[in-house]
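Start counting at 1 in the sequence shown, then tack on 121, and there's your number in our numbering.
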Amino acid sequence: MNTWRWFQPISFQVIWLACVLGGNEWLFIPGLILVAHFILTPSFKNDLQILPLIFLGCALDVFFTQIGLFVFDVFPFWLMMLWVAFVLNFGHSLGFLRRVKLPWLMIVGAIGGSYAYWISWQLGAVTWPYGPILSTSVIAITWSILLPILVRGDLYFRRLGYA
């Protein structure tokens, strides 16, 4: 169990870097790490059953791409892999967010979400045709709503016994 406490958060950071820096060409790295996740996780069934939450994040990124807020050189399959890894965190290294009050959760979402996308933009993983101020503002507002929904969604599935 102690190894898991280190593996899970570090593996997410490695997945994030591989996805943002390597894009679709480095998908084997997050793929291997996610396979290891499901082999090592102490909560295999729970982790598997919360995966429908990834569709919310993927749908949001597709929406932002469709309206031109995000532009990618090629279809970002890596973004879907990143959403899988992110959603899995709610049952593990981000589990503490379940105890955070809504206003603080919204602030964490606004800052953390916009910062992650800003770094991705800085590293060239995504282009922002509307510029950094508008794009970051839209992402911050969106993530102030999205993070609480994801945290509550994870909790909802677990309380119903689906996860």
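Just so you know, even glycine gets a beta-carbon here, dropped at the ideal spot from N, CA and C.
For residue 144 and residue 218, the gap between their C-alpha atoms comes out near 28 Å. Under the three-state reduction of DSSP, residue 248 is assigned to strand. In the assembly as shown, residue 258 is an exposed residue. Its beta-carbon has fewer than 16 other beta-carbons within 10 Å. Inter-residue distance for residue 131 and residue 224 is about 27 Å (C-alpha atoms, whole angstroms). The shortest C-alpha to C-alpha distance from residue 221 to any of 142, 268, 133 is the one to 268. For residue 175, the enclosing alpha helix (DSSP H) begins and ends at 175–187.
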